[in-house]
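From first to last, the protein sequence lines are chains A and B.
Position one of the first sequence corresponds to residue 162 (the numbering used here), numbered consecutively onward.
Position one of the second sequence corresponds to residue 0 (the numbering used here), numbered consecutively onward.
The beta-carbon is built from N, C-alpha and C at its ideal position, and this holds for glycine as well.
Here the structure is a predicted model, which means the values were calculated and not measured.
Structure first, then comments.
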Amino acid sequence: MSTVRPVRTGEQVAAPEPLVTIKSAAKVYGTNQGLAPLSLAIHAGERVALVGPSGSGKTTLLRLLAGALVPDQGTRSVIINGKSPAELKPGRELASLVGIVSQRFDLVPHLPVLHNVLAGRLGHWTLARSILSLVWPMERRAAQQALARVGIADKINERPGRLSGGEQQRVAIARMMMQSPLVILADEPVASLDPARAEEVMELLVGLVSWNENDGSSQRTLIASLHTASLIRRHFTRVIGLRESRVQFDLPAGELDDAVLDELYDLGDDTDDIEPLAGLAARDG
Amino acid sequence: MERAGIGQSHPRDGARVRFSALRWSAYAAAMLVVAAWAFILLDGDSGFGDLFRQRTWQNAGQFVASLAGADSDGPSPFVQAARWRETGQLALNTLAMSVLAMGIAGVGALILLMPGARNVSDGTLGGAPSRTGRVVYAAVRVFYALTRAIPELVWAMLIVFFLSPGIIPGALALGIHNLGIVGRLTSEVVENLDPAPARALRAAGASSPKVLLYGVFPQALPLFLTFLMYRWEVVIRTTVVVGFLNAGGLGREFRLRMSWFHYDDVGLLLVWYLLLVIAVDVLSAQLRRRVRWD
């Protein structure tokens, strides 16, 4: 079942020790299989796309990685950089290990963009510093730089409600820059954006992998769920197809063709009353 | 009668049954209205008939005239600057009482609004569910119910029992009662918040207090201030009632002047009272407009 392979990116050979190890992690919600036992190894610097129809376990997998869910086999079945995210308390250690961007941006509507971006630092700050920052924003320069990087430096004092969907997702990405985790998770980050906006946001997300606020020395890892073959081919190094919460294929992103994707999204005979999502995937050129 | 209008097999029957039920209800209601008025007007003890007597209206007219200072001994208080100053001081006291009351209610509700929200205590908004949280939640809700259930007038009667008369007992009574109202409303705002932003902060590594501080508090604050301003309008009106109980301000003076038959002074107090109510209404509306985002 597990198809673990070292992936070569450019001349750099992937480290022998994977950054992310999933050992037959599963999640059952009541009688629903959220995720069947699944094993994966992902190395630092990889950009992994998760594809699969709704309900195939992409979100469950991401939430397991984020430590928001505890795998049924115990916390040690998901290991990132030697640690189990579900075992870590919220704070600096978890914040610098793993972060997540979701489809619904999830900004705080009553706080200005600046504070929403600074919220990425909450895991690193003390409580006193967090309280103080509500009144006198801390690390304002870093937030300005992050916003400039995602191209909305002028929106620093706006409220999220006044921004377009693409701009809100940029704020979420700027927040992720402030958090600066080793592993960046993204749950359908471009699902609610038009193709042009999706391309821009994807570029920014991929840019985070090699971005470092200090010197760009350390490499991050991106794991994102999405449906668009062209985006995957352009921006990712590896693509994992999930279906009914099992790994269907695990390919270098370049080898993904529309036929493979169509087959993945076609749910088969017994469930053909469900509209296949293949159209979504095949839409791009 | 059957379930009118619900049966699908005989829609026409259903419609007829429903219509006649409606018609009979209307007849019955009309008869009740007629009978009730007949009882009130024919029964001499109700005093309702007084409303239609000329004497009543003469008395009322006379009273209004004396309120306006028609039968004052000496110069009317309306033309004495000293009387305006004295009563103005009382109006200021009343305003102070209302502000103090809102301060008590506001600070109390601000402290309790988080522990009093179910989704905070059970960990839905980030933060671990704990037994302490649930116990505190129950305690806060009981406290809200208790303070809200006992009217401010009763609170004032209890409090003047052990506090010396003045604006403090009045403010305390109004503050405690409104703490229950504002606190409960705000806690319910928190319970209806979208949990997604709080979860995102959680995922960014924020601990429970930080999640509440960044994800919950800023969202609840504007509505909290709005409730507080609304209640201020109610409180400034109630200060007079509470003042009756020796609790100071315009209310106490109002009661004293009434019992001394100084109707012209009562008229002056009413003028101040009206000015105060209008001022607070305008101010509260302005402040509410300020706190509204977007």
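Can you give, in chain order, each stretch of the alpha helix (DSSP H) that sits fully within the region 277-312 of chain A and has at least 4 residues?
Counting only runs of 4 or more, we get 288-296, 301-310.
Give a yes or no on whether the minimum CB-CB distance between L366/A and chain B is below 8 angstroms.
Numbered from 1 along the first sequence, position 205 holds the residue referred to as residue 366/A. No, L366/A lies away from the interface with chain B (no Cβ there is under 8 angstroms from its Cβ).
Which chain A residues are close to A35/B, counting only those with a beta carbon under 8 angstroms from its beta carbon?
Along the second sequence, read from residue 1 onward, the residue named residue 35/B stands at position 36. Ordered by position in chain A, no residue passes the 8 angstroms Cβ test against A35/B, which lies about 52 angstroms from the chain.
How should R201/B be labelled, buried or exposed, when 16 other C-beta atoms within 10 angstroms of its C-beta is the threshold for buried?
The residue given as residue 201/B occupies position 202 in the second sequence. The residue in question, R201/B, is buried, as its Cβ has 16 or more Cβ neighbours within 10 Å.
Please decide whether P114/B counts as near chain A, where near means a Cβ-Cβ distance under 8 angstroms.
The residue labelled residue 114/B in the question sits at position 115 within the second sequence. Answer no: the Cβ-Cβ gap between P114/B and chain A never drops below 8 angstroms.
Quick one: list the residues of chain D neighbouring I261/A, beta-carbon separation under 9 angstroms, in chain order.
This model lacks chain D altogether; the protein chains it does include are A and B.
Is any beta-carbon of chain B found at less than 8 angstroms from that of G218/A?
The sequence position of residue 218/A within the first sequence is 57, counting from 1. Chain B contact via Cβ: absent.
Taking the alpha-carbon of D278/B as reference, which of Y213/B, Y26/B, V233/B has the nearest alpha-carbon?
Walking along the second sequence from the start, residue 278/B turns up at place 279. For clarity, residue 278/B is Ala in the given sequence; the question names Asp instead. Comparing Cα-Cα distances from A278/B to each of Y213/B, Y26/B, V233/B, the minimum goes to V233/B.
If you run the structure through DSSP and keep just helix, strand and coil, what is F243/B?
Indexing the second sequence from 1 puts residue 243/B at position 244. In the structure shown, F243/B sits in a helix (DSSP, three-state: H, G or I).
Do you know offhand how far S24/B's Cα is from A35/B's?
Along the second sequence, one-based indexing puts residue 24/B at 25. Along the second sequence, one-based indexing puts residue 35/B at 36. The alpha-carbon atoms of S24/B and A35/B are separated by roughly 16 angstroms.
Tell me the rounded alpha-carbon separation between V259/A and L157/B.
For this step, residue 259/A is matched to residue 98 along the first sequence. For this step, residue 157/B is matched to residue 158 along the second sequence. Between V259/A and L157/B, the C-alpha separation is close to 57 angstroms.
May I ask you to report which of helix, strand or coil DSSP gives L162/B?
Numbered from its first residue, the second sequence carries residue 162/B at position 163. Note: L162/B maps to coil in three-state DSSP.
Closest by CA to L450/A, which one among K209/B, D264/B, L145/B, R251/B?
With chain A running from 162 to 446 in the structure shown, residue 450/A is simply not present.
Which complete beta strand (DSSP E) runs does the region 166-230 of chain A hold, if anything under 3 residues is left out?
Runs found: 181-190, 193-203, 208-212.
Which one or two residues does DSSP pair with L453/A in a beta bridge?
Lying outside 162 to 446, the shown extent of chain A, residue 453/A is not represented and no answer is given.
Can you look up Q79/B in the DSSP assignment and give me helix, strand or coil?
Working through the second sequence from its first residue, we reach residue 79/B at position 80. Q79/B falls in the coil class under three-state DSSP.
Using beta carbons (cut-off 8 angstroms, strictly below), is S245/A in contact with chain B?
The residue labelled residue 245/A in the question sits at position 84 within the first sequence. With 8 angstroms as the cut-off, S245/A does not count as an interface residue toward chain B.
Taking Cβ-Cβ distances shorter than 7 angstroms, what residues in chain A pair up with P208/B?
Residue mapping note: residue 208/B aligns to position 209 of the second sequence, counting from 1. Simply L288.
Check whether the region 231-238 of chain A touches the region 168-188 of chain B, counting contact only when three or more Cβ pairs, one atom from each stretch, lie closer than 8 angstroms.
Cβ pair count under 8 angstroms is below three, so no.
Would you kindly report the start and end of the unbroken beta strand (DSSP E) that includes P413/A?
By 1-based counting over the first sequence, the position of residue 413/A is 252. Per DSSP, P413/A belongs to the beta strand (DSSP E) from 407-413.
Of all the residues that make up the region 292-303 of chain A, which are near chain B by a beta-carbon distance shorter than 8 angstroms?
Within the region 292-303 of chain A, the qualifying residues are I292, L295.
Relative to the alpha-carbon of Q218/B, which residue among E85/B, G247/B, D42/B, L124/B has its alpha-carbon at the smallest distance?
One-based indexing of the second sequence puts residue 218/B at position 219. Selected option, being the one with the closest Cα: L124/B.
Counting C-beta neighbours from all protein chains within 10 Å, is the total for V265/B 16 or more, i.e. buried, or is it exposed?
For the purposes of this step, residue 265/B is taken as residue 266 along the second sequence, with counting starting at 1. V265/B is buried by the Cβ-count criterion.
Closer than 9 angstroms by beta-carbon distance: list the chain A residues that pair up with L212/B, in chain order.
On the second sequence, position 213 is the one that residue 212/B refers to. What L212/B touches in chain A: L283, L288, S291, I292, L295.
To the nearest angstrom, report how far apart Y229/B and A148/B are at their CA atoms.
For the purposes of this step, residue 229/B is taken as the residue at position 230 of the second sequence. For the purposes of this step, residue 148/B is taken as the residue at position 149 of the second sequence. Approximately 19 angstroms between the Cα atoms of the pair.
Out of curiosity, what's the CA-to-CA distance linking N191/B and A210/A?
Counting from 1 along the second sequence, the entry for residue 191/B is found at position 192. Counting from 1 along the first sequence, the entry for residue 210/A is found at position 49. Taking the straight line from one Cα to the other gives about 35 angstroms.
Run down chain B in chain order and give the residues with a C-beta less than 7 angstroms from the C-beta of A202/A.
Counted from its first residue, the first sequence places residue 202/A at position 41. The contacting residues do not exist; A202/A stays about 23 angstroms from chain B at best.
Does P221/B get closer than 8 angstroms to chain A when you measure Cβ to Cβ?
Numbered from 1 along the second sequence, position 222 holds the residue referred to as residue 221/B. At least one chain A Cβ lies under 8 angstroms of P221/B.
Pull up the distance between the alpha-carbon of L178/B and that of L269/B, whole angstroms please.
Taking the second sequence and counting its residues from 1, the one referred to as residue 178/B is at position 179. Taking the second sequence and counting its residues from 1, the one referred to as residue 269/B is at position 270. Between L178/B and L269/B, the C-alpha separation is close to 28 angstroms.
Would you list the residues sitting across from I39/B in a DSSP beta bridge?
Translated into positions along the second sequence, residue 39/B becomes position 40. Answer is none; I39/B lacks a bridge partner.
Rounded C-beta distance between P273/A and E319/A? I'm assuming under 8 angstroms.
Translated into positions along the first sequence, residue 273/A becomes position 112. Translated into positions along the first sequence, residue 319/A becomes position 158. Rounded, the Cβ-Cβ distance is 7 angstroms, consistent with contact.
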